Amino acid sequence: MNAIVVVDQNWAIGREGRLLFNLPGDMRRFKELTEGGVIIMGRRTLNSFVEGHPLPDRRNIVVTRNKDLCPPEVEVVPDTGAALEAVAQEDPEKVWVIGGGSVYAALLSRCRRAYLTRVETVAEVEPDTYFPNLDHLPGWEIEETGEPITENEVTYRFVRYINRNLDSAS
Ligand SMILES: NC(=O)c1ccc[n+]([C@@H]2O[C@H](COP(=O)([O-])OP(=O)(O)OC[C@H]3O[C@@H](n4cnc5c(N)ncnc54)[C@H](OP(=O)(O)O)[C@@H]3O)[C@@H](O)[C@H]2O)c1
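For what it's worth, the numbering used here labels the leading residue of the sequence shown as 24, then goes sequentially.
In structure tokens, the structure reads:
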């Protein structure tokens, strides 16, 4: 299982239920990586999609205490433990934790890799949601750093981290 996220220089990821940046190249990469696989998200992240619809061509698993808030096309689980049970038979390389802050915090330690889109500035608005700072989390290290890309006057890189804490896990 892997996490995928866009962070700014301060590891911020969102504000008032929305993303901080509009990066078409990042969106394309997200689609390429996750299509055909499984995505695990919190209910607020589902709500942030266009009209709250799940993403096509992926198994959409939504964590919520209130399944009435979700459309029938998604698979609802009552907590993050149940999300892990739901993906137990899947190929781990095709399972993606896609946010938001609460679900990343709960499942990051179970992720093998984190695929970051690292924006090289801070967001213009005051964020309210963050990703854990992997540079301060023991066991996490950078595996690959991409070249800088500039879009909509925002420069970012794709940076992949690996979780060495799972090296001895089965
Ligand atoms: N930068 C990025 O890559 C990225 C990616 C994804 C999201 N985001 C941003 O992150 C923000 C949303 O993050 P968030 O932390 O506020 O919300 P979230 O994690 O998307 O969703 C939170 C909701 O998920 C459910 N939930 C989470 N943990 C649970 C648990 N252990 N048991 C039961 N239910 C649980 C609850 O739903 P109920 O209230 O229905 O019970 C909770 O209110 C938005 O701004 C979004 O745009 C950014």
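Glycine residues also receive a C-beta, built at the ideal position from the N, C-alpha and C atoms.
Just so you know, these numbers come straight off a predicted model, no measurement behind them.
According to DSSP, residues forming a beta bridge with residue i
{"i": "Asn25", "result": "Trp119, Arg136"}
{"i": "Gly37", "result": "Leu42, Thr152"}
{"i": "Phe181", "result": "Thr140"}
{"i": "Thr168", "result": "Val182"}
{"i": "Val30", "result": "Arg141"}
Range of the contiguous beta strand (DSSP E) that encloses residue i
{"i": "Glu174", "result": "172–174"}
{"i": "Gly65", "result": "61–65"}
DSSP state of residue i mapped onto helix, strand, coil
{"i": "Asn83", "result": "strand"}
{"i": "Asn188", "result": "helix"}
{"i": "Val97", "result": "coil"}
{"i": "Val73", "result": "helix"}
Start and end residues, alpha helix (DSSP H) containing residue i
{"i": "Arg52", "result": "47–57"}
{"i": "Glu108", "result": "103–109"}
{"i": "Gly124", "result": "124–130"}
Closer than 8 angstroms: residue i CB and nearest ligand 2 heavy atom
{"i": "Arg81", "result": "Absence of ligand 2 from the depicted structure is noted, with ligand 1 being the only ligands included."}
Are at least three pairs of beta-carbons, each pair with one atom in the stretch 98–114 and one in the stretch 147–163, less than 8 angstroms apart?
no
Say whether the stretch 171–191 touches the stretch 55–69, bearing in mind that this needs 3 or more beta-carbon pairs closer than 8 angstroms, one atom from each stretch.
no
At a cut of 8 angstroms, does the stretch 110–125 reach the stretch 157–169 through at least three beta carbon pairs?
no
Contact between the stretch 132–142 and the stretch 169–182 is defined here as three or more beta-carbon pairs at a separation below 8 angstroms; is this criterion met?
yes
Segment contact, 8 angstroms Cβ cut-off, at least three pairs: the stretch 39–57 with the stretch 103–114
no
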